[in-house]
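Count the sequence shown with mature numbering (1 follows the signal peptide of the UniProt record, and there is no 0) and you get residues -20 to -1, 1 to 123, in order. The C-beta atom is built at its ideal place from N, Cα and C for all residues, glycine as well. In this text the structure is predicted, and so the values were computed from the model without any measurement. Contents: one structure, followed by commentary.
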Amino acid sequence: MRIFRSLLLALLLFSPFTQAFELLPMVSFFSDHGAKSEQFFQINNTTGLPLPLEISVKERNIVGDEEETLKDTDDFFVFPPQALIPPGKTQMVKVKYLGAPLTSAKSYRVVFSQLPIKDDEKHSSIKMALLLKSMELNLEATI
């Protein structure tokens, strides 16, 4: 069992996805109008490979102790919605609230999905992609 734990830890530490990309900021507060309705986020590709990403915003819903549910929303504009970030480079992403004025606060999540890259290999291989759902947007109502 001890060998298994050590092997698992080594795989996690040396996995290419442990440092796939950095996202700044991780949490952001928006307003439903004005200057705080639009913000920019920085994605840093910390790998030696191109990083293809798709960015989308989902509305969060949490009821009691249940797991959160995410549903598609048109309340935000994301530009660019897809990006191919070269190794060691940075991409800025603009996120703007376009929804109706709010009467109460809402919570959203920005989802960064790593897209697969076409591969010239003819033999079978395992392909992995990273899905980061930790970006949280809190939209405060202004009454």
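Query	Result
Nearest-angstrom Cα distance between L4 and S87?	18 Å
Assign D55 to buried or exposed, taking buried as 16 or more other Cβ atoms, counted over all protein chains shown, within 10 Å of its Cβ.	buried
For residue 135, which beta-bridge partners are listed by DSSP?	Residue 135 lies beyond the range of the chain shown here (-20 to 123); nothing can be said about it.
Would you decide whether L33 is buried or exposed? Buried here means 16 or more other CB atoms lie within 10 Å of its CB.	buried
Nearest to V37 by alpha carbon, out of I97, K16, F92?	F92
May I have the straight-line CA-CA distance separating V43 from L31, to the nearest angstrom?	35 Å
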